[in-house]
Amino acid sequence: MAFTLWSLFEATLLCLNAVCVLHEERFLVKIGWGAQQNIQGFGEPPSVKSQAMHLVRSIRTVARYPLIFLNILTILVKLVLG
421 MAFTLWSLFE
431 ATLLCLNAVC
441 VLHEERFLVK
451 IGWGAQQNIQ
461 GFGEPPSVKS
471 QAMHLVRSIR
481 TVARYPLIFL
491 NILTILVKLV
501 LG
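Every number in the numbering used here is 420 more than the matching position in the sequence shown, counting from 1.
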């Protein structure tokens with residue numbers, strides 16, 4: 421299998437899908453990445469873990485509808501081209 425732009429697109433799509441399906445109460449709390457663990461005081465710089473959780477939440481919020489469209493497009497291309 422050659423490394424093409426299409427395979428890079430599919431890998432990115434799969435990673436975004438994986439981020440979007442992470443359930444916060446079931447999975448992320450068990451490893452200490454829940455919403456309650458990110459409490460910090462006033463004036464404290466945000467930690468790397470809290471920044472990563474904000475990134476996960478923003479990806480989940482912003483990329484929901486474009487991911488649905490891109491998944492449908494990818495499925496159709498795979499069905500047509502094999």
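Glycine is no exception: its CB is placed at the ideal position from the N, C-alpha and C atoms.
- No residue range can be given for proline 466, since it is assigned to no alpha helix (DSSP H) and is classified by DSSP as neither H nor E.
- If you ignore the 5 residues before and after alanine 483, its C-beta comes within less than 7 Å of the C-beta of Leu436, Cys440, all in its own chain and listed in chain order.
- According to the DSSP assignment, valine 497 belongs to the alpha helix (DSSP H) that extends over 484-501.
- The region 421-434 and the region 485-495 touch, with no fewer than 3 CB-CB distances between them shorter than 8 Å.
- Between valine 476 and leucine 442 a beta carbon distance of about 7 Å is seen, short of the 8 Å cut, so the two are scored as contacting.
- Counting only the Cα atoms, alanine 472 lies some 12 Å from glycine 452.
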